[in-house]
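Take a look at the structure below.
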Amino acid sequence: SLKRNMPDPIPVVLLGRLAVDVKYQGKKLGALLLQDAWKRVASTAEQVGISAIIVHAIDESARSFYTRLGFTQSPLEPYTLMLPLGPVKAKL
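Going by the UniProt record's numbering, the first residue of the sequence shown is number 1, and it counts up by one from there.
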């Protein structure tokens, strides 16, 4: 999938941890923050050649959040997740 016809190493963006204050959780703000990050990555990808977004979830709750939004778990590290840029662009 992602690895086919890709350089080694594959160019990705490592997304820093997103967080929403406890009193604002459950209001879809995390998804909005991630959508903003996706827009910025997609814009940058046109110039830099980014293939995917990588995140390192801090705990099971964060891993579940990213999984619900389309990220897939690394076969090597359960708290490292990846989202190819194709689906990101489709969501915009």
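Idealized CB from N, CA, C, for every residue including glycine.
Remember, predicted model here, so these are calculated numbers, not experimental data.
LEU69 in three-state terms, based on DSSP: coil
From GLN35, VAL88, PRO87, HIS56, residue whose alpha carbon lies closest to that of GLU77: HIS56
Touch test, the stretch 56–67 against the stretch 35–43, Cβ-Cβ under 8 Å, three pairs minimum: no
Helix, strand or coil at LEU76 according to DSSP, with G and I counted as helix: coil
First through last residue of the alpha helix (DSSP H) which encompasses ALA37: 29–48
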